[in-house]
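To keep things clear, I will list the structure first and then write my remarks on it.
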Amino acid sequence: MSQPFDDIAADLIGMLHRNAPAEEFAVRLSRAEALPDDTPGKSRAVELVRMATAVQDRLEFHQKSEQGMIAMVESAKDLSSRLDLAGLLRAIVARARNLLGAQLAWLTAYDEERDEFRVLVTDGAISANTTKMTVGRRRGIASAVMSTRLPFCTPDYLRDNRFPHDAALDDAFRDEGIAALAGVPLLYDDNVIGLLFVADRYQRSHTALNVAILSTLATHAAVAINNAKAFEQTNIARQNADAARAELERHAHDIQSAAEAHEQLTSLLAKGASLATLCQTVANLLGGSVLVVDEAFQVISRATAPGYTGSAAEAYAPHAASSAAITQAVSESRVGGRSILAYEADGEICRAVAVIGGNDLLGAVLLFRQGDLGEISIRTFERSSSVIGIVLLSQERTAANKSRDVSALLRSLIAPRPDERAVTLNRPERFGLDLSQPLSLILLETENPGPAFVARRLRSGTPLSELVLDEVDDVLVIVSGTVRSQDILKEFIAIANREFGGRYRGIVSKPILLPAEIPALYASLRRGLAVLRRLGVNGKVIDQNEMAMYSVLFETHDQGSLKSFLHASIGALLAYDQKRGTRLAETLLCYFDNNQNAQTTATRLGIHVNTVRQRMASAEELLGFWSSPSRALEIHVALRLWSLTAQES
Numbered sequence: 001m002s003q004p005f006d007d008i009a010a011d012l013i014g015m016l017h018r019n020a021p022a023e024e025f026a027v028r029l030s031r032a033e034a035l036p037d038d039t040p041g042k043s044r045a046v047e048l049v050r051m052a053t054a055v056q057d058r059l060e061f062h063q064k065s066e067q068g069m070i071a072m073v074e075s076a077k078d079l080s081s082r083l084d085l086a087g088l089l090r091a092i093v094a095r096a097r098n099l100l101g102a103q104l105a106w107l108t109a110y111d112e113e114r115d116e117f118r119v120l121v122t123d124g125a126i127s128a129n130t131t132k133m134t135v136g137r138r139r140g141i142a143s144a145v146m147s148t149r150l151p152f153c154t155p156d157y158l159r160d161n162r163f164p165h166d167a168a169l170d171d172a173f174r175d176e177g178i179a180a181l182a183g184v185p186l187l188y189d190d191n192v193i194g195l196l197f198v199a200d201r202y203q204r205s206h207t208a209l210n211v212a213i214l215s216t217l218a219t220h221a222a223v224a225i226n227n228a229k230a231f232e233q234t235n236i237a238r239q240n241a242d243a244a245r246a247e248l249e250r251h252a253h254d255i256q257s258a259a260e261a262h263e264q265l266t267s268l269l270a271k272g273a274s275l276a277t278l279c280q281t282v283a284n285l286l287g288g289s290v291l292v293v294d295e296a297f298q299v300i301s302r303a304t305a306p307g308y309t310g311s312a313a314e315a316y317a318p319h320a321a322s323s324a325a326i327t328q329a330v331s332e333s334r335v336g337g338r339s340i341l342a343y344e345a346d347g348e349i350c351r352a353v354a355v356i357g358g359n360d361l362l363g364a365v366l367l368f369r370q371g372d373l374g375e376i377s378i379r380t381f382e383r384s385s386s387v388i389g390i391v392l393l394s395q396e397r398t399a400a401n402k403s404r405d406v407s408a409l410l411r412s413l414i415a416p417r418p419d420e421r422a423v424t425l426n427r428p429e430r431f432g433l434d435l436s437q438p439l440s441l442i443l444l445e446t447e448n449p450g451p452a453f454v455a456r457r458l459r460s461g462t463p464l465s466e467l468v469l470d471e472v473d474d475v476l477v478i479v480s481g482t483v484r485s486q487d488i489l490k491e492f493i494a495i496a497n498r499e500f501g502g503r504y505r506g507i508v509s510k511p512i513l514l515p516a517e518i519p520a521l522y523a524s525l526r527r528g529l530a531v532l533r534r535l536g537v538n539g540k541v542i543d544q545n546e547m548a549m550y551s552v553l554f555e556t557h558d559q560g561s562l563k564s565f566l567h568a569s570i571g572a573l574l575a576y577d578q579k580r581g582t583r584l585a586e587t588l589l590c591y592f593d594n595n596q597n598a599q600t601t602a603t604r605l606g607i608h609v610n611t612v613r614q615r616m617a618s619a620e621e622l623l624g625f626w627s628s629p630s631r632a633l634e635i636h637v638a639l640r641l642w643s644l645t646a647q648e649s
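Heads up, the sequence shown is in full-length UniProt numbering, so the first residue is 1 and it goes up one at a time.
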């Protein structure tokens, strides 16, 4: 028997040497145990095979331990060398699957907000649902691990009733074909922050070594996740610190810029810089367009920074669609003392700040730019309004002094006193008025705004600013050379129609040869204005020659009396024209103005003389025969009054 025994021993040593699998040792053991009981040395042979099998198991255990240690060392190296969390977790999951010989492995992280575990990394999955798995902390193996903070294994997950099942998770496991499952917690500071799983599609039990390796890898994953969180928090803190430092630097720069801007504006003010220069400086400092407007929101100065392409300032108008927002913003600024964002349109903002002088509103500064200002720059803008306010007050004082002198001159011309004659003769030259040349006296009534405001408006930045004009007894009075009177009227009418809605009426005098004629002429024109008011004339300036007779005849009558006169005199004619759309009244007036000459009337109206005769015949049927001088005069006067009340100027 020694020879067979020696052969068995040699065979077992050879198997151990080539690291034969456990299945071969099992075959040898079954052969030894199958020998007849009376075979010499059977028990010794069986014992020898069992000893060899034990040695092989120990060698396999040590080999797996060594592989596990190598994997732990590699994972530890990864922890110290990798900053890519996703890549590190993929490596850990792959090692877990390979070391334990599992068909599938995955790692989940705990989401505190949703109170559930969600899959981060998978390896070996064949179903798309596996990568999307989520489970509540009170369902599946997660519930067992969360309650004990210990590993948990099951050879047949779907049939295991030691934990509450999750229907959706069970469906995902069925799709994947999972049977055996082992899960270990990712612990950090005794908190479960995730789970590491290995699974197989057949029933399997895991050894303590397998669980130990899996737990160690889970610890490495937990460290990696918390390192990543710590790195992220550190990075966020660094970014916040960088942002705070940059903000502090910007703030310091803004403060320095604001101080320099204030010094620059103050220096310009001390040097007596003009409003236009200050306006341009503010526009350059703030990178936009700046408008300075008066209390009626009329532009008195404007400037734009070089390179600025916005168009809102150019499109500004006192009565545009944005005027209500600007008016509201200026009102709030006056109350609160700060600038107000009025509106934003097409990428441009309009910021407004009121300019105050004492208790009075002098106007406002409007800033147009692409994007609003920072707080420091807003302060610079608000300080600029104070500097501009000082300039406006200075201009107002200068204008007030000039206005007082002009007002004194005007009053001395229309109501002179004996002791002012020498002064009156010397004063006009200062204001470009030559009393040796023919003069014209213009009286104007305005409504909303009144004549005092209109006088201030005309004196501030209009082509009429150098005229001798002022409000006298609630009437705007202008004295100018006759040669300029028509140009002055055209300019006034353009301004009034544009800014005051055409709410005005006025009379211009005949040429005045001597200053001594002015007082009586002024009184006569005042009477004429009263007549125009009673007639309801609006939006017209009438020549004195047209008004002379009417002032004498109707200055004591009210508007109702004048309408009664017109109705009695030419009412039938006017009604006929209105009903049929004819022009009998216009033709008859032209006929009387041309000494009742039909041919001249036809030429003036651009119609045939027979048409004139036909119209005269129709008018005579309506008004009766006017051959008598008194009746002709009555109709002529009525027609002239009617023409004054016509709407077109």
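Where a beta carbon is used, it is the ideal one built from N, C-alpha and C, also for glycine.
Less than 6 angstroms between C-beta atoms, sequence neighbours within five positions excluded: which residues of the same chain meet that for A94? For the purposes of this step, residue 94 is identified with residue 94 of the sequence shown, where counting begins at 1. Here the set comprises D123.
Among N610, L574 and A568, which residue has its Cα nearest to the Cα of R631? Here residue 631 refers to the residue found at position 631 of the sequence shown. It is A568 whose Cα lies nearest to the Cα of R631.
Taking Cβ to Cβ, would you say L278 is nearer than 8 angstroms to V387? Along the sequence shown, read from residue 1 onward, the residue named residue 278 stands at position 278. Along the sequence shown, read from residue 1 onward, the residue named residue 387 stands at position 387. Yes; because the gap between Cβ atoms is below 8 angstroms, this pair is in contact.
Using a 10 Å radius around the Cβ and a threshold of 16 neighbouring Cβ atoms, would you call H251 buried or exposed? In the sequence shown, the residue the question calls residue 251 occupies position 251. Counting Cβ neighbours within 10 Å, H251 comes out exposed, since fewer than 16 surround it.
May I ask which residues mark the beginning and end of the alpha helix (DSSP H) holding D346? Looking up residue 346 in the sequence shown gives position 346. It is not in any alpha helix (DSSP H) - D346 carries neither H nor E in the DSSP assignment.
Looking at C-alpha atoms only, which residue of A20, S440 and Q298 is the closest neighbour of V508? The residue you call residue 508 lines up with position 508 of the sequence shown. Answer by Cα proximity: S440.
Candidates A617, I570, L464 and N210: closest to N98 by CA position: The count along the sequence shown starts at 1 and reaches residue 98 at position 98. Looking at the Cα atoms, N210 is the closest of the given residues.
Less than 6 angstroms between C-beta atoms, sequence neighbours within five positions excluded: which residues of the same chain meet that for E382? Residue mapping note: residue 382 aligns to position 382 of the sequence shown, counting from 1. Cβ neighbours of E382 beyond the five flanking positions: S339 and V353.
Compare the C-beta of A364 with all C-beta atoms of chain D and state if any pair is closer than 8 angstroms. Here there is only one protein chain, and chain D is not present.
Given this structure, state the Cα-to-Cα distance separating L107 from L186, to the nearest angstrom. Indexing the sequence shown from 1 puts residue 107 at position 107. Indexing the sequence shown from 1 puts residue 186 at position 186. In a straight line, the C-alpha of L107 is about 9 angstroms away from that of L186.
Would you list the residues sitting across from V198 in a DSSP beta bridge? Position 198 of the sequence shown, counting from 1, holds the residue named residue 198. Answer is A105 and A182.
Report, in whole angstroms, the separation of the C-beta atoms of P151 and L214, which I expect to be a contact under 8 angstroms. Locating residue 151 in the sequence shown gives position 151, where the first residue counts as 1. Locating residue 214 in the sequence shown gives position 214, where the first residue counts as 1. Rounded, the Cβ-Cβ distance is 7 angstroms, consistent with contact.
Taking only three categories from DSSP, how would you classify R369? Start at 1 with the first residue of the sequence shown, and residue 369 comes out as number 369. Three-state result, R369: strand.
I'd like to confirm something about E344: is its beta-carbon nearer than 7 angstroms to some heavy atom of the ligand ATP, or not? By its list of ligands, the structure shown contains no ligand whatsoever, and the ligand ATP lies outside what it can speak to.
Which of helix, strand or coil DSSP assigns to A354: The residue labelled residue 354 in the question sits at position 354 within the sequence shown. If DSSP states are grouped into helix, strand and coil, A354 belongs with the strands.
Quick one: what's C153 bridged to in DSSP? Along the sequence shown, one-based indexing puts residue 153 at 153. The partner list for C153 (beta bridge, DSSP) reads A182.
Beta-carbon gap between W642 and A585 smaller than 8 angstroms: Stepping through the sequence shown from its first residue, residue 642 is reached at position 642. Stepping through the sequence shown from its first residue, residue 585 is reached at position 585. Cβ distance < 8 angstroms, so W642 and A585 count as in contact.
Count Cβ pairs between the region 143-159 and the region 170-190 that sit closer than 8 angstroms; are there 3 or more? yes
Nearest residue (CA-CA) to A96, options V121, E113 and K271: The residue you call residue 96 lines up with position 96 of the sequence shown. The candidate whose alpha carbon is nearest that of A96 is V121.
Is Y576 helix, strand or coil when you go by DSSP? The sequence position of residue 576 within the sequence shown is 576, counting from 1. Here Y576 sits in helix by DSSP.
On a CA-only basis, which of L291, L169 and E295 is nearest A313? Give me that one, please. Against the sequence shown, residue 313 aligns to sequence position 313. The candidate whose alpha carbon is nearest that of A313 is L291.
From the DSSP secondary-structure annotation, give me the bridge partner or partners of residue 725. Only positions 1 to 649 of the chain appear in the structure, and residue 725 is not among them; the question remains open.
Report back the beta-carbon spacing between Y504 and T582 to the nearest angstrom; my notes put them in contact at under 8 angstroms. As a working mapping, residue 504 is identified with position 504 in the sequence shown. As a working mapping, residue 582 is identified with position 582 in the sequence shown. Not quite, the Cβ-Cβ distance comes to about 31 angstroms (not below 8 angstroms), so this is no contact.
Residue closest to A530, alpha-carbon to alpha-carbon, out of L444, G337 and R201: Translated into the one-based positions of the sequence shown, residue 530 becomes position 530. Among L444, G337 and R201, the Cα nearest to that of A530 belongs to L444.
Could you spell out the range, first to last residue, of the alpha helix (DSSP H) harbouring Y591? Residue mapping note: residue 591 aligns to position 591 of the sequence shown, counting from 1. Where Y591 is concerned, the enclosing alpha helix (DSSP H) stretches over L584 to D593.
Distance CB(S323)-CB(F297) smaller than 8 angstroms: As a position in the sequence shown, residue 323 is number 323, starting the count at 1. As a position in the sequence shown, residue 297 is number 297, starting the count at 1. For S323 and F297, yes; Cβs fall inside 8 angstroms.
Got a sec, what are the start and stop residues for the beta strand (DSSP E) L605 sits in? Numbered from 1 along the sequence shown, position 605 holds the residue referred to as residue 605. No beta strand (DSSP E) contains L605, which is instead part of the alpha helix (DSSP H) from A598 to L605.
Can you give the Cα-Cα distance for E648 and T462, rounded to whole angstroms? In the sequence shown, the residue the question calls residue 648 occupies position 648. In the sequence shown, the residue the question calls residue 462 occupies position 462. Residue placement at E648 cannot be trusted, given a pLDDT of 42 that sits under 50; what the coordinates show is reported in the next sentence. Straight-line Cα distance between these residues: approximately 26 angstroms.
Determine the direct distance from the alpha carbon of D593 to that of Q328, and round the result to whole angstroms. Here residue 328 corresponds to residue number 328 of the sequence shown, with the count starting at 1. Here residue 593 corresponds to residue number 593 of the sequence shown, with the count starting at 1. Whole-angstrom Cα-Cα distance: 53 angstroms.
Can you have a look at L467 and say buried or exposed, based on whether 16 or more other CB atoms are within 10 angstroms of its CB? Working through the sequence shown from its first residue, we reach residue 467 at position 467. Per the 10 Å Cβ criterion, buried.
Residue 660 (DSSP reduced to helix, strand or coil): In the structure as shown, the chain starts at 1 and stops at 649, and residue 660 therefore has no counterpart that could be examined.
When you compare only the Cα positions, how much space is there between Q486 and D405? The sequence position of residue 486 within the sequence shown is 486, counting from 1. The sequence position of residue 405 within the sequence shown is 405, counting from 1. Taking the straight line joining both Cα atoms gives about 25 angstroms.
Under three-state DSSP, which class holds Y522? Translated into positions along the sequence shown, residue 522 becomes position 522. Here Y522 sits in helix by DSSP.
Helix, strand or coil for D175? Go by DSSP, reduced to three states. Stepping through the sequence shown from its first residue, residue 175 is reached at position 175. Looking at D175 - three-state DSSP - the assignment turns out to be helix.
In whole angstroms, give me the CA-to-CA distance for V479 and L521. Numbered from 1 along the sequence shown, position 479 holds the residue referred to as residue 479. Numbered from 1 along the sequence shown, position 521 holds the residue referred to as residue 521. Whole-angstrom Cα-Cα distance: 12 angstroms.
Candidates S465, V477, F492 and D200: which alpha carbon is nearest D175's? Start at 1 with the first residue of the sequence shown, and residue 175 comes out as number 175. Minimum Cα distance to D175 is reached at D200.
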